[in-house]
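A.B. asks: Protein chains in written order, with this note's numbering: chain C, 1 to 235; chain F, 1001 to 1235.
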């Protein structure tokens, strides 16, 4: 049996906050637990916030804004982007410095600390997860809500991982009848992130959850989940 | 708190089996529960299995097989395909009759009933979910493991839904600071399917799970999750 517990009572996170201590004060973590922390909380604690009034929009940003949108927001997105994968102004699907492909390069105004600010992804979410893992002694996932091709809606996925292998490798395993399995890797870290979202909500101010009883094995990083561009049929 | 319970002790499923009765005999379902059933079990109960020796490969199937692969398997895939989205022989990413985009149009040899057979997706997985929902009185998701662009590994997603709205619509809701949320729809059915996979494993013979305490609202179908091709930037 797996249990998913919301971490309740966390205040609004501010730059410099000791997120690990704030979580440890509110939940009893046990060996084998997985702590899932929303990217927004991690980014705010790390000060990954920009002010629109400190951004000057480039010509490309104005073009991508398409008229109705604030071009400074597009400029903030372009600064987080290593490659534009698809664009339909003002929608930009971008590859980030981490290799993630997501809307707006993860730049988001909702749940931002104040009007006129945008929250960026952590510079190195695997390192963010690793610091929390070393501090708290449990597996840690930093999660964010990503859209995906072909299907409506977002699901939360892992953008930072420490203390568990994000992929369960089934190569060489067999089904009950003895046939080797075709699906060879399961993205358990993404499934754990999505499961945690079910108790975290979006507007509820619950930026963390604890998953108890999940199969946690090995170690790794969210960068293991990134499909190499040259192997990817969709980039 | 959300709990995820595996439904244990189910035998190998055969064509004509009363899956609803078999599950009801092994787990006590309560109002508000979500029952997640693996596609493979539903397909087998519905007799959605083909024998390779009854398939004759077309020229297109032989071409897509690329030499090393059995072209009859590719022929079975083509028969389930309304559009080939990407192909790198023998890998085919296909749009199915349901609108799902997935590897091999969901055709799979692992966990097949016997050598030389392939399991196909249910003809109408929403109808399969609806029958179980009416029989058992709880929300039902039929799940399958799908790969996705940009990221390694599969996650389980909902290919059939009944008794819950697969998308949580946040349009018009606001964050703690009063800003309207940018992420407007959460694919909760996919997150529930992925969460259930964590207890179902792949080779373990646990083809169903019960999720207790999840936010279950409304009603709908997995077809609501399908992005219309003309809106999709990746088709």
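Think of the CB as a built atom: it goes at the ideal place given N, C-alpha and C, for glycine as much as any other residue.
1. If I measure Cβ to Cβ from residue 1050 of chain F and keep anything under 8 Å in the same chain, skipping five residues before and after, which residues do I get?
2. Indicate whether residue 1020 of chain F and residue 1132 of chain F have their beta-carbon atoms separated by less than 7 Å.
3. Would you identify the three-state DSSP class for residue 6 of chain C, choosing helix, strand or coil?
4. Could one say the Cβ of residue 164 of chain C lies closer than 7 Å to chain F's Cβ atoms, at least one of them?
5. On the CB-based measure, 16 or more other CB atoms within 10 Å of its CB, does residue 56 of chain C come out buried or exposed?
6. Which residues, taken in chain order from the segment 1002 to 1018 of chain F, show a beta carbon closer than 9 Å to some beta carbon of chain C?
7. So residue 1099 of chain F packs on residue 1226 of chain F, CB below 8 Å; how close in whole Å?
8. For residue 95 of chain C, which residues of its own chain have a beta-carbon under 6 Å away from its beta-carbon, when the five flanking residues on both sides are left out?
9. State the DSSP-derived secondary structure class of residue 217 of chain C, mapped to helix, strand or coil.
10. Just mark residue 1163 of chain F as buried or exposed, buried being the case when its beta carbon has 16 or more other beta carbons within 10 Å.
11. With a cut-off of 8 Å, do at least 3 Cβ pairs link the segment 134 to 152 of chain C to the segment 21 to 29 of chain C?
12. Using Cβ-Cβ distances below 8 Å, what residues of the segment 149 to 160 of chain C are close to chain F?
13. Let me see if you follow: with CB-CB separation under 7 Å, is residue 1033 of chain F close to chain C or not?
14. Based on the DSSP output, what are the partners of residue 95 of chain C in its beta bridges?
15. Which same chain residues, not among the five before or five after residue 254 of chain C, have their C-beta less than 7 Å away from its C-beta?
16. What number of angstroms, rounded off, separates the C-alpha of residue 1198 of chain F from the C-alpha of residue 1067 of chain F?
17. Using a threshold of 7 Å, state whether the C-beta atoms of residue 1155 of chain F and residue 232 of chain C are closer than that.
18. Between the C-alpha atoms of residue 1038 of chain F and residue 1194 of chain F, what's the straight-line distance to the nearest angstrom?
19. Going by the DSSP bridge assignment, what does residue 1184 of chain F pair with across the sheet?
20. Which chain A residues sit within Cβ distance under 7 Å of residue 199 of chain C?
21. Between the alpha carbons of residue 1059 of chain F and residue 1124 of chain F, how many angstroms are there, rounded?
22. How would you call residue 1142 of chain F, buried or exposed, if buried means at least 16 neighbouring beta carbons within 10 angstroms?
23. Following the continuous alpha helix (DSSP H) through residue 132 of chain C, name the residue where it begins and the one where it ends.
24. Flag residue 1105 of chain F as yes if its beta-carbon sits less than 7 Å from any beta-carbon of chain C, otherwise no.
25. Measuring only the C-alpha atoms, how far is residue 1115 of chain F from residue 1235 of chain F?
26. Quick check on the DSSP output: the alpha helix (DSSP H) that includes residue 1019 of chain F runs from which residue to which?
27. Is the beta carbon of residue 1079 of chain F closer than 7 Å to that of residue 1052 of chain F?
28. Please check if any C-beta of chain F sits within less than 7 Å of the C-beta of residue 29 of chain C.
29. Taking the alpha-carbon positions, what's the residue 184 of chain C to residue 1186 of chain F distance?
30. Nearest by alpha-carbon distance to residue 210 of chain C: which of C:157, C:222 and C:196 is it?
31. Can you name, in chain order, every residue of its own chain whose Cβ lies under 6 Å from the Cβ of residue 212 of chain C, other than the five neighbours on each side?
32. Where does residue 1088 of chain F land, buried or exposed, given buried means 16+ other C-beta within 10 angstroms?
33. How many angstroms separate the CA atom of residue 1043 of chain F from the CA atom of residue 152 of chain C?
34. By the criterion of Cβ-Cβ separation under 9 Å, what are the contact partners of residue 1101 of chain F in chain C?
35. Which residue comes first and which comes last in the beta strand (DSSP E) that contains residue 1041 of chain F?
36. Would you grab the beta carbon distance between residue 1148 of chain F and residue 171 of chain C for me? Rounded to a whole angstrom, and I think it's under 8 Å.
C.D. replies: Taking the coordinates as given:
1. Spatial neighbours of residue 1050 of chain F in its own chain (CB-CB distance under 8 Å, excluding positions within 5 residues in sequence) are listed in chain order as 1076, 1117, 1118 and 1120.
2. Contact: yes.
3. Of the three classes helix, strand and coil, the one that applies to residue 6 of chain C here is strand, per DSSP.
4. It does not; no Cβ of chain F falls within 7 Å.
5. By the C-beta density criterion, residue 56 of chain C is exposed, having fewer than 16 other C-beta atoms within 10 angstroms.
6. Per Cβ criterion, the list reads 1002, 1003, 1004, 1005, 1006 and 1012.
7. Yes, residue 1099 of chain F and residue 1226 of chain F are in contact; Cβ-Cβ is about 4 Å, under 8 Å.
8. So the qualifying residues of the chain are 82, 83, 85 and 101.
9. In this structure, residue 217 of chain C counts as coil in the three-state DSSP scheme.
10. Burial call: buried.
11. Because the criterion of three Cβ pairs below 8 Å is met, the segment 134 to 152 of chain C and the segment 21 to 29 of chain C touch.
12. Shown in chain order are the members of the segment 149 to 160 of chain C whose Cβ falls below 8 Å from a Cβ of chain F: 149, 150, 151, 152, 153, 154, 155, 156 and 157.
13. Taking a beta-carbon distance threshold of 7 Å, residue 1033 of chain F does not count as an interface residue toward chain C.
14. The secondary-structure analysis by DSSP pairs residue 95 of chain C across a beta bridge with C:83 and C:101.
15. Outside the shown range of chain C (1 to 235) lies residue 254 of chain C, about which nothing can therefore be said.
16. Roughly 36 Å between the two C-alpha positions.
17. The answer is no: Cβ separation not under 7 Å.
18. Spanning the two alpha carbons is a distance of roughly 11 Å.
19. Answer is none; residue 1184 of chain F lacks a bridge partner.
20. In the structure shown, chain A does not exist; the protein chains are C and F.
21. Going from the Cα of residue 1059 of chain F to the Cα of residue 1124 of chain F covers about 29 Å.
22. Per the 10 Å Cβ criterion, buried.
23. Looking at the DSSP string, the run of the alpha helix (DSSP H) that includes residue 132 of chain C is 125 to 136.
24. No, because no Cβ of chain C sits closer than 7 Å to the Cβ of residue 1105 of chain F.
25. CA-to-CA, the gap between residue 1115 of chain F and residue 1235 of chain F works out to about 34 Å.
26. Counting along the chain, the alpha helix (DSSP H) containing residue 1019 of chain F begins and ends at 1019 to 1024.
27. No, Cβ-Cβ distance for residue 1052 of chain F and residue 1079 of chain F is not below 7 Å.
28. At least 7 Å separates the CB of residue 29 of chain C from every CB of chain F.
29. If you take the alpha carbons of residue 184 of chain C and residue 1186 of chain F, they lie about 27 Å apart.
30. Residue nearest to residue 210 of chain C within the set C:157, C:222 and C:196 is C:196 (criterion: CA-CA distance).
31. These residues qualify, in order along the chain: 3 and 33.
32. So residue 1088 of chain F ends up on the exposed side.
33. Going by the C-alpha atoms only, they are around 24 Å apart.
34. Under a criterion of Cβ atoms nearer than 9 Å, the residues of chain C adjacent to residue 1101 of chain F are, in order, 149, 150 and 151.
35. No beta strand (DSSP E) contains residue 1041 of chain F, which is instead part of the alpha helix (DSSP H) from 1039 to 1045.
36. Their Cβ separation, rounded to whole angstroms, is 19 Å, which puts residue 1148 of chain F and residue 171 of chain C out of contact at 8 Å.
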